[in-house]
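S.K.: Structure below; questions to follow.
Residue numbers (the working numbering): 2 to 94.
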């Protein structure tokens, strides 16, 4: 029960800060994200909600988030290596 309360408090705080500081946060996100994911338009609520969920989960369960990031990184590395190997085997002519 305590974890849920801490998560809700962290979520509300991060969401309020993200919405309040959206112009500077949007500029920072635009520098980091690829063109297809740029924050042009009315995406403030969507991005703020996503950041609040990620931030609150990281505060409450940091090891789970870290392990998930490591697993996703390893899967991405394997996919890139397999894709490179497959492209070497394919004759495109």
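The beta-carbon is built from N, C-alpha and C at its ideal position, and this holds for glycine as well.
Everything numeric in this text was worked out from a predicted model, so none of it was measured.
1. Taking the alpha carbon of residue 48 as the reference point, which residue from 61, 11 and 31 has its own alpha carbon closest?
2. Can you list, in chain order, the residues of its chain whose CB lies under 7 Å from that of residue 73, leaving out five sequence neighbours each side?
3. Between the Cα of residue 17 and the Cα atoms of 27, 85, 2 and 46, which residue gives the shortest distance?
4. In terms of residues, what are the limits of the alpha helix (DSSP H) holding residue 11?
5. For residue 79 and residue 35, I'd like the C-alpha separation in whole angstroms.
6. Once DSSP output is grouped into helix, strand and coil, what is the label at residue 91?
7. Suppose contacts are defined by Cβ-Cβ distances below 9 Å. Is residue 12 in contact with residue 51 by that definition?
8. May I ask which residues mark the beginning and end of the alpha helix (DSSP H) holding residue 50?
M.R.: Let's see:
1. 31
2. none
3. 46
4. 3–21
5. 22 Å
6. coil
7. no
8. 45–61
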